[in-house]
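Numbering (our numbering), first residue to last: 200 to 289.
Glycine included, C-beta positions come from ideal geometry on N, C-alpha and C.
Computed from a predicted structure; not experimentally measured.
Working notes for the structure below.
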Amino acid sequence: MQDERWNNPLYQTEAVNDEGLEGHAYVPGGIKVETSSPMNSHPGTNPEQLLGMSLATCLEATLEAIEKEHGVPHTAEVHVKVAFIGSRAV
Numbered sequence: 200m201q202d203e204r205w206n207n208p209l210y211q212t213e214a215v216n217d218e219g220l221e222g223h224a225y226v227p228g229g230i231k232v233e234t235s236s237p238m239n240s241h242p243g244t245n246p247e248q249l250l251g252m253s254l255a256t257c258l259e260a261t262l263e264a265i266e267k268e269h270g271v272p273h274t275a276e277v278h279v280k281v282a283f284i285g286s287r288a289v
């Protein structure tokens, strides 16, 4: 059974990658980034960096809202580390 909130989201967006890891990813009508594997030295942002930035931004926004709710200045700073652990992909 699908949660009814999916029918009326507060916000939604779309991201597209149709070129694979060594290519580009984009938001229609918005940002476009060159992508690459973190396992080589090719130029581009890797998915792990994008995931880390996304999580850091979401957590920072949450902390900012809490600070505002309590009437304190915004001083939070979020650092996210993303790491490969285990076997290398082939």
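Who does V215 pair with in a DSSP beta bridge?
Y225
At the level of alpha carbons, what is the spacing between N239 and H223?
16 Å
Considering just the uninterrupted stretch of the beta strand (DSSP E) at K231, what are its terminal residues?
231-234
With 7 Å as the threshold, decide whether the Cβ of E247 is near any Cβ in chain C.
Note that chain C does not occur in the displayed structure, where there is just one protein chain.
Can you check whether the CB of G251 is closer than 7 Å to the CB of V281?
yes
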